[in-house]
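Here's the structure, in structure tokens; my notes come after.
In our numbering, the protein residues as written are 4 to 892.
This is the structure we're talking about:
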């Protein structure tokens, strides 16, 4: 199916289904004050037709789109007021204002009828007023709710603000992960949905943090005191492709159990690289800015979907138990096992030469995560948390690389093994001492160890002149062992002094201690089974790094009208030791000011400005003063005299949302400037007469003044006009950084533009059709070269529920890739589709799916680094056709 046919279909449907009229106006109270968030419901006399719904905005405005000729009853309701009923025939566009009168009667019946209620920071959606039976998962339900958006990767936004905590019946679902919730919770188990703004899991800390967290609480149906629900699915496809998954949930008053399992060989990942970071431990939001949870050295081994073959096994179990009225126990276990093979072709442009490279990789990645959380509340004004998280991974990567430079080919086999363990334990205490004084404290411990072994085998000498190899051997076999162990001991204490509702003073004192050991050994295995250790050539590291950060901070926050200001500073004393062949000890004081200004015109229109002076330290590996191998063509040596990075960070965010106008607008401007930063210095081995060896490079870390500067701007706009939603995204990025190459300092510029224009139909009883185009324009500029890439992606998506049980989905993308400098232009098309059937009141469902319908062989992309520009072809899974059977419990 070509995209122009879809456009013609959309234009035809606009005429066919465009017979709509509008009723709009204002809702006020008897004192002529506008009433925001009032419910405005249009009930057609024909019961076979769906009701239409709106809520008034902050100016009391509402708008409804109705089918011309329908007889409808408009009902306006709001908590504490008498409801109004107004009947009319939708023959012409009408402007109608309403006045609500206060009510002294009990409103229980009215509250039940309201599709949306707003109480303070909590908005409650009654989902049965919006769904039509076509929904299968939480994702489908959320898309029906006004102001709620769900992205393809499982992120959820409400009125433009991202959901940061996902709850089910008030308890965190797998640590608050939204993707696992929206893709797995069955729609038929969902009752109401609550959205809680300015969320903090500890009620009396609400308003004391500037995190702007938002939580979504999925309230399950309570037909029984305890019940089990879920679904299972099994599918079989062509070429021995298969898929099985199970989502099982048990809920009782004091015990909740959730299980998610998936096994497939179609490249489907339940957990992606991005999802991994949501399971990286953490502390309460009041300590934001005092901790940076990296979560260990795991994520680099999680593959993307672009593979030639893939076998994925995933299992997750989440249990929540109310032990007593004061103690809650919760925990989860996640297991992932993936076996993949990939094939990549790279066209690399270095400073002085061109390399054509192929990479074939076979990988096995095992990952396990276990989390235990104890929550103790001796009373309503005190809370204790104890969290333990353990992660373990075992990984194997076998790679065959062929490098072609000036008709010289070198083939290298690389074998990598990694084992890593990460343990995080923290204890929190929070106490509301009085109306004016609140205290919070945390003690945190992290143990993080990584053991790596890498071997390179080739028929040709590699890294000649950079490593002391014996080149008389039949095979060049190089081995490296690398170990890193980190321990963090942290303690932070905070005092919140609420002088009054408009003036707060926050004080902080703490200490963070990092102890890190770094070890490397590089050697050559000789043909006679002896070893050629590279220690004599300045290799092998054994380093102990210790960094102590003692800090205190004072901040003043005040509100006046629609304005909120917060300003203050942290005073840090950094004391660090680098102990290796030589010893380095340094101590310095750093003042880090910060400032926040927020203008909240109303709940749907805000602007916020943030400024921070930030600092960071490099890992111990960058302080190591001996050589070690980084890859088959690079050697690295650190710098023991490095100091902390220091940079300015500015950010301005603007958001605007209006249901009445059908408008969503976000704009974001960011500026970062490194006053002092660590960057790699690069020296190419251009003196080597062998061209294939001239891509060899020596890297070291140096501290530069004014090392980099970044400017980023993004705009997102959505606008509903009649029954079509129009979308526009525009982005701009200008990055400048200095780079020392072959002892010459250069300024590189990475400038990119991107935009996406699209539209989506919103007609009833007609397919939801989304059309658009995305374009990325990248330009990389250095002293002697300019590279320009353009990627254009038209796309289309169709979702259609029909004949009381059938659901049709189709998505299409065409990537058109153009490298202007090398006159390279090619394209590929990706299309996926599915047709499912679930008869009403039947537990059985059936589905036919097609993946990569056009059987595209590869995807093409580009990337920039400090010293090369690269075009990449990544080969992908072939066409997959599958039939699946599902059963709902």
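Virtual Cβ for every residue (Gly too), placed ideally from N, Cα, C.
{"query": "Near residue 145, which residues of its chain fall below 7 Å by C-beta distance, leaving aside the five closest residues on each side in sequence?", "result": "151, 153, 159, 185"}
{"query": "Near residue 227, what residues of its chain come up, given a Cβ to Cβ distance below 6 Å and the 5 sequence neighbours on each side ignored?", "result": "Because the pLDDT at residue 227 is just 47, under 50, the model does not fix this residue reliably, and the value given afterwards should be weighed accordingly. Here the set comprises nothing."}
{"query": "Within 10 Å of its beta-carbon, does residue 897 have 16 or more other beta-carbons around it, so buried, or fewer, so exposed?", "result": "Only positions 4 to 892 of the chain appear in the structure, and residue 897 is not among them; the question remains open."}
{"query": "Helix, strand or coil for residue 532 per DSSP?", "result": "coil"}
{"query": "Kindly indicate which three-state DSSP category residue 632 falls into: helix, strand or coil?", "result": "strand"}
{"query": "Sorted by chain position, which residues of the same chain lie with C-beta nearer than 6 Å to residue 233's C-beta, five sequence neighbours on each side aside?", "result": "250, 251, 252, 892"}
{"query": "Going by alpha carbons, who is nearest to residue 775 out of 629, 818, 740?", "result": "818"}
{"query": "Counting Cβ pairs, one atom from each stretch, are 3 or more of them under 8 Å apart for the stretch 494–513 and the stretch 552–565?", "result": "yes"}
{"query": "Count the C-beta pairs between the stretch 849–861 and the stretch 193–204 that are closer than 8 Å, then say yes if the count reaches three, no if not.", "result": "no"}
{"query": "I think residue 715 touches residue 683, with their Cβ atoms under 8 Å apart; what is that distance to the nearest whole Å?", "result": "No, residue 715 and residue 683 are not in contact; Cβ-Cβ is about 23 Å, not under 8 Å."}
{"query": "Between the alpha carbons of residue 164 and residue 658, how many angstroms are there, rounded?", "result": "9 Å"}
{"query": "In chain order, what residues of the same chain have a beta carbon less than 8 Å from the beta carbon of residue 168, not counting five sequence neighbours either side?", "result": "175, 179, 202, 204, 216, 217, 218, 219"}
{"query": "Considering only the alpha carbon of each residue, which of 816, 802, 87 lies closest to residue 138?", "result": "802"}
{"query": "Report the CB separation of residue 582 from residue 632 in whole angstroms; it is logged as a contact under 8 Å.", "result": "With 8 Å as the limit, residue 582 and residue 632 do not qualify as a contact, their Cβ atoms being about 23 Å apart."}
{"query": "Less than 8 Å between the C-beta atoms of residue 64 and residue 29, yes or no?", "result": "yes"}
{"query": "Which residues mark the beginning and the end of the alpha helix (DSSP H) in which residue 37 is found?", "result": "Residue 37 -> no alpha helix (DSSP H), and no H or E assigned at all."}
{"query": "For the stretch 630–647 and the stretch 456–471, state whether three or more C-beta atom pairs, one from each stretch, are separated by less than 8 Å.", "result": "yes"}
{"query": "If distances are taken between C-alpha atoms only, which option among 172, 100, 292 comes closest to residue 617?", "result": "292"}
{"query": "Under three-state DSSP, which class holds residue 144?", "result": "helix"}
{"query": "Identify which residue in 343, 266, 96 has its Cα closest to the Cα of residue 319.", "result": "266"}
{"query": "Out of curiosity, what's the CA-to-CA distance linking residue 701 and residue 624?", "result": "15 Å"}
{"query": "Short of 6 Å in beta carbon distance, which residues of its chain neighbour residue 483, apart from the five on each side in sequence? Order them along the chain.", "result": "457, 525, 632"}
{"query": "Let me confirm a value: residue 874 is counted as buried when at least 16 other C-beta atoms fall within 10 Å, else exposed. Which label applies?", "result": "buried"}
{"query": "Is it buried or exposed, residue 243, if we count other Cβ atoms within 10 angstroms and call 16 or more buried?", "result": "exposed"}
{"query": "Can you tell which of 447, 361, 433 has the C-alpha that lies nearest to the C-alpha of residue 415?", "result": "361"}
{"query": "Using beta-carbon positions only, say whether residue 645 and residue 270 come within less than 8 Å of one another.", "result": "no"}
{"query": "Based on Cα-Cα distance, which residue from 368, 157, 673 lies nearest to residue 612?", "result": "673"}
{"query": "Can you tell me where the alpha helix (DSSP H) with residue 185 in it begins and where it stops?", "result": "181–187"}
{"query": "Among the candidates 838, 382, 162, whose CA atom is the shortest distance from the CA of residue 432?", "result": "382"}
{"query": "Counting only runs of 3+ residues fully inside the stretch 560–639, write out the beta strand (DSSP E) ranges in chain order.", "result": "566–582, 586–605, 608–619, 630–634"}
{"query": "Between residue 829 and the rest of its own chain, which residues show a CB-CB distance below 7 Å, the 5 nearest in sequence each way excluded?", "result": "820, 863"}
{"query": "Tell me which residues share the same chain as residue 85 and place their Cβ nearer than 6 Å to its Cβ, disregarding the 5 neighbours each side in the sequence.", "result": "104, 106"}
{"query": "Who are residue 687's beta bridge partners in DSSP?", "result": "700"}
{"query": "Just the Cα atoms here: how many angstroms apart are residue 110 and residue 568?", "result": "The predicted model places residue 110 with a pLDDT of 45, which falls under 50 and marks its position as unreliable; any figure quoted below should be read in that light. Straight-line Cα distance between these residues: approximately 39 Å."}
{"query": "Helix, strand or coil, according to DSSP, for residue 207 in the structure here?", "result": "helix"}
{"query": "Excluding five sequence neighbours on each side, which residues of the same chain lie with their C-beta closer than 6 Å to the C-beta of residue 730?", "result": "721, 761"}
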